[in-house]
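Here it is as structure tokens:
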């Protein structure tokens, strides 16, 4: 079947012709590149014996693409002329007529045949004029496809009334911001350089105007498109304005729906751990062992298999763009490719594992207190300062952890999150890992972010633990707890979130100067 350049993905994969039907490992008919010479020779005979325009167009075009025969250029020229005949045949389907015109223009360009190109442009322009002047129904795809062809030809070959035709298309279809953007893009393509900026601003304003209608989600989507366009054409101030407008949409207008499910969690292993500590060990030993439990979602192969299974079971979800929104309606991430969907699914599977671990962490910390005693602040400071963490940071972590058992969750979170980062930074420095970035020209230096520090630990830290810390603390697609707390986005902290921070801090406190990182999960105390 003919595949015009308008169908970009298939055209890039197959060229101008593709099999009618494709399966995973086969196709019907076979791809054009695989057609054997003896069949091509039969096509030559048929091309020479069948004068009908449909046969001339298809056979001549196939022979040209395969460059088969003594003069494939003659076959291509005949195919282009036949396409133009079909385009003016009333019995031909409208979109087939449009495809025929499009292919005729492509062939004329490939042949560098000015006369043939002129004939194709005349047919294209006439079709567009008729469609815009007296359309049988609203079908913007027909004139816009034709106008795209007229816009793409060299400036000297464009119809004299192309500007008028584009203005007519904008008048008829400009109420749709997507169609308006297409027409304005064509206007910008043929406009003098001094006029291009004004046309770009009109494109952006169309999205802004469209955002005044519809529900909150549609408003945000239109403003986001306008913001992206403004950023791409060098209008940063306008992009900022549109971002502010999107952020100002009240949450209730977004009409988001909550999707939830109940999951039963067994505390059997956690209770057995608590009993083992209480029967045979003291509280510090129990907390040290707890810090080495995990991490959640430790098996990387299982995680990857889960993501692959999701892609196989829900293929339709990969065909649509997936957007993750953060606070203030801000777009956090947009997944369009399979790799991007995998990244989102992998981060969210890890985040769900962390959230399932959250009540278990609370159970352990509260159970140790009930079975033994509430941890003393000095006990905690000694615990956090065992290895690489300096006394100042260990004391600050102890203050934060003590607030957990005192019931002050906001205070605990705001002490633990930044001092956890300090612990990682100072520990990394003692291990010889760079923790600052040097100035470059007029750009001043400074400390590396926690995300950069955790990235630099790849190969030095058990990979499952490293990815857990990244997701828990700094991955915007994951739990992102450190960033939400430090940037004032968390709106407080839950008991479970503080328990997760204590668990992470206990793990970091186990790093040893001689053995930089533990690579195995510790067994519960026997």
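Numbering (the working numbering), first residue to last: 73 to 598. Heads up, the beta-carbon is just placed ideally off N, CA and C, and yes, glycines get one too.
Exercise for the section: Could you spell out the range, first to last residue, of the beta strand (DSSP E) harbouring residue 403? Expected result: Counting from one through the chain shown, the residue named residue 403 turns up at place 331. 403-407 is the extent of the beta strand (DSSP E) around residue 403.
Exercise for the section: Compare the C-alpha of residue 109 against each of 437, 135 and 327 and name the closest. Expected result: Within the chain shown, residue 109 is the residue found at index 37, counting from 1. Cα-wise, what sits closest to residue 109 is 135.
Exercise for the section: To the nearest angstrom, report how far apart residue 343 and residue 336 are at their CA atoms. Expected result: Numbered from its first residue, the chain shown carries residue 343 at position 271. Numbered from its first residue, the chain shown carries residue 336 at position 264. Taking the straight line joining both Cα atoms gives about 16 angstroms.
Handout entry: Rounded C-alpha distance that separates residue 49 from residue 417
Key = Nothing can be reported for residue 49: it is not among the residues displayed for the chain, which extend from 73 to 598.
Handout entry: Collapsed DSSP secondary structure at residue 92 in the structure displayed
Key = Here residue 92 refers to the residue found at position 20 of the chain shown. Coil, per DSSP.
Practice task
Given a cut-off of 8 angstroms, decide if residue 189 and residue 149 are closer than it, judged by their beta-carbon atoms.
Solution key: In the chain shown, residue 149 corresponds to position 77, counting from 1. In the chain shown, residue 189 corresponds to position 117, counting from 1. Not in contact: residue 149 and residue 189 (Cβ atoms no closer than 8 angstroms).
Handout entry: Given residue 458 as reference, the closest of 351, 387, 567 and 582 once Cα atoms are compared
Key = Locating residue 458 in the chain shown gives position 386, counting from the first residue. Taking only the C-alpha atoms, the option nearest residue 458 is 582.
Practice task
Note down, in chain order, each residue of its chain lying with its Cβ closer than 8 angstroms to the Cβ of residue 96, except the 5 sequence neighbours on either side.
Solution key: Start at 1 with the first residue of the chain shown, and residue 96 comes out as number 24. No residues qualify anywhere along the chain.
Practice task
May I ask which residues mark the beginning and end of the alpha helix (DSSP H) holding residue 553?
Solution key: Numbered from 1 along the chain shown, position 481 holds the residue referred to as residue 553. If you look at residue 553, you'll find it in the alpha helix (DSSP H) that goes 553-558.
Exercise for the section: Measuring alpha carbon to alpha carbon, tell me which of 165, 546 and 576 ends up nearest residue 366. Expected result: Stepping through the chain shown from its first residue, residue 366 is reached at position 294. Ranking 165, 546 and 576 by Cα distance to residue 366 puts 576 first.
Problem - Nearest-angstrom Cα separation, counted from residue 191 out to residue 278 - result: Numbered from 1 along the chain shown, position 206 holds the residue referred to as residue 278. Numbered from 1 along the chain shown, position 119 holds the residue referred to as residue 191. Cα to Cα, the separation comes out at about 36 angstroms.
Practice task
Measure the CB-CB distance between residue 104 and residue 175 and report whether it falls below 8 angstroms.
Solution key: Numbered from its first residue, the chain shown carries residue 104 at position 32. Numbered from its first residue, the chain shown carries residue 175 at position 103. No, the Cβ-Cβ distance between residue 104 and residue 175 is not below 8 angstroms.
Handout entry: Reference residue 569; option with closest CA among 516, 485 and 503
Key = Counting from one through the chain shown, the residue named residue 569 turns up at place 497. Of the candidates 516, 485 and 503, the one whose C-alpha sits nearest the C-alpha of residue 569 is 485.
Practice task
Below 8 angstroms CB to CB, which residues in the same chain sit around residue 76 once its five sequence neighbours on both sides are set aside?
Solution key: To locate residue 76, count along the chain shown from 1; it is residue 4. 83, 88, 171, 174, 175 and 178.
Problem - Whole-number beta carbon distance between residue 550 and residue 348, since they are thought to touch under 8 angstroms - result: The residue labelled residue 348 in the question sits at position 276 within the chain shown. The residue labelled residue 550 in the question sits at position 478 within the chain shown. Between residue 550 and residue 348 the Cβ distance is about 31 angstroms, and since that is not below 8 angstroms, they are no contact.
Handout entry: Burial state of residue 258 (16 or more Cβ within 10 Å)
Key = As a working note, residue 258 is residue 186 in the chain shown. Result: buried.
Exercise for the section: Along the beta strand (DSSP E) that carries residue 395, what are the first and last residues, could you check? Expected result: On the chain shown, position 323 is the one that residue 395 refers to. Start and end: 394-397.
Practice task
Could you say if the segment 517-532 and the segment 444-463 meet the contact criterion of at least three C-beta pairs nearer than 8 angstroms?
Solution key: no
Exercise for the section: Look at the alpha carbon of residue 546 and the alpha carbon of residue 572, and state the distance between them as a whole number of angstroms. Expected result: For the purposes of this step, residue 546 is identified with residue 474 of the chain shown, where counting begins at 1. For the purposes of this step, residue 572 is identified with residue 500 of the chain shown, where counting begins at 1. Using only the alpha carbons, I get a separation of about 14 angstroms.
Exercise for the section: Kindly provide the ranges of any alpha helix (DSSP H) runs that are 4 or more residues long and lie completely inside the segment 237-323, ordered along the chain. Expected result: Complete alpha helix (DSSP H) runs here, min 4: 249-262, 265-282, 288-304 and 308-319.
Problem - Sub-8 angstroms separation of residue 276 and residue 242 beta-carbons - result: What you label residue 276 is simply residue 204 of the chain shown in a count that begins at 1. What you label residue 242 is simply residue 170 of the chain shown in a count that begins at 1. Contact: no.
Practice task
Give the straight-line distance between the Cα atoms of residue 538 and residue 580, rounded to the nearest whole angstrom.
Solution key: Residue numbering aside, residue 538 sits at position 466 when the chain shown is read from its first letter. Residue numbering aside, residue 580 sits at position 508 when the chain shown is read from its first letter. Taking the straight line from one Cα to the other gives about 11 angstroms.
Exercise for the section: Evaluate residue 408 with the Cβ neighbour count: other Cβ atoms within 10 Å of its Cβ, from every protein chain shown; 16 or more gives buried, anything less gives exposed. Expected result: As a working mapping, residue 408 is identified with position 336 in the chain shown. Looking at its Cβ environment, which holds fewer than 16 other Cβ atoms inside 10 Å, residue 408 is exposed.
Problem - Beta-carbon proximity check, residue 501 vs residue 487, cutoff 8 angstroms - result: Taking the chain shown and counting its residues from 1, the one referred to as residue 501 is at position 429. Taking the chain shown and counting its residues from 1, the one referred to as residue 487 is at position 415. No, Cβ-Cβ distance for residue 501 and residue 487 is not below 8 angstroms.
Handout entry: Residues of its chain near residue 586, where Cβ-Cβ distance is below 8 angstroms and the 5 sequence neighbours each way are ignored
Key = Locating residue 586 in the chain shown gives position 514, where the first residue counts as 1. Note that residue 586 scores 46 on pLDDT, short of 50, meaning its location in the model is unreliable and no value can be drawn from it.
Practice task
Please state if the CB of residue 305 and the CB of residue 272 are separated by a distance shorter than 8 angstroms.
Solution key: Within the chain shown, residue 272 is the residue found at index 200, counting from 1. Within the chain shown, residue 305 is the residue found at index 233, counting from 1. Against a cut-off of 8 angstroms, the Cβ pair of residue 305 and residue 272 comes out as a contact.
Practice task
Indicate, with yes or no, if the ligand PLP has a heavy atom lying under 7 angstroms from the CB of residue 81.
Solution key: As far as ligands go, the structure on display features none, and thus does not contain the ligand PLP.
Handout entry: Residue range of the unbroken alpha helix (DSSP H) whose run includes residue 107
Key = Along the chain shown, read from residue 1 onward, the residue named residue 107 stands at position 35. Here residue 107 belongs to no alpha helix (DSSP H), and DSSP marks it neither H nor E.
Exercise for the section: Can you tell me which of 509, 371 and 299 puts its alpha carbon nearest to the alpha carbon of residue 535? Expected result: Within the chain shown, numbered from 1, the residue matching residue 535 stands at position 463. When each option's Cα is compared against that of residue 535, the closest is 371.
Practice task
In angstroms with no decimal places, state the Cα-to-Cα distance between residue 24 and residue 234.
Solution key: Outside the displayed span of the chain (73 to 598) sits residue 24, for which this structure offers no information.
Exercise for the section: Could you name the residues that DSSP lists as bridge partners for residue 530? Expected result: Position 458 of the chain shown holds residue 530. Note: residue 530 sits in a beta bridge opposite 533.
Problem - Residues near residue 477 by beta carbon distance below 7 angstroms, same chain, minus five either side - result: Sequence index remark: in the chain shown, residue 477 carries index 405 (1-based). 441, 446 and 447.
Exercise for the section: Alpha carbon to alpha carbon, how far is residue 212 from residue 245? Give it in angstroms, no decimals. Expected result: Residue numbering aside, residue 245 sits at position 173 when the chain shown is read from its first letter. Residue numbering aside, residue 212 sits at position 140 when the chain shown is read from its first letter. If I take the Cα positions, the gap works out to 7 angstroms.
Problem - Strand pairing of residue 519, partner residues [DSSP] - result: In the chain shown, the residue the question calls residue 519 occupies position 447. For residue 519, which the question treats as bridged, DSSP gives the partners 508.
Practice task
Go ahead and pull the three-state DSSP assignment for residue 192.
Solution key: Working through the chain shown from its first residue, we reach residue 192 at position 120. In the structure shown, residue 192 sits in a helix (DSSP, three-state: H, G or I).
Exercise for the section: Buried or exposed for residue 250, please, with buried defined as at least 16 other CB atoms from any protein chain shown within 10 angstroms of its CB. Expected result: Here residue 250 is taken as the residue at index 178 of the chain shown, counted from 1. It counts as exposed.
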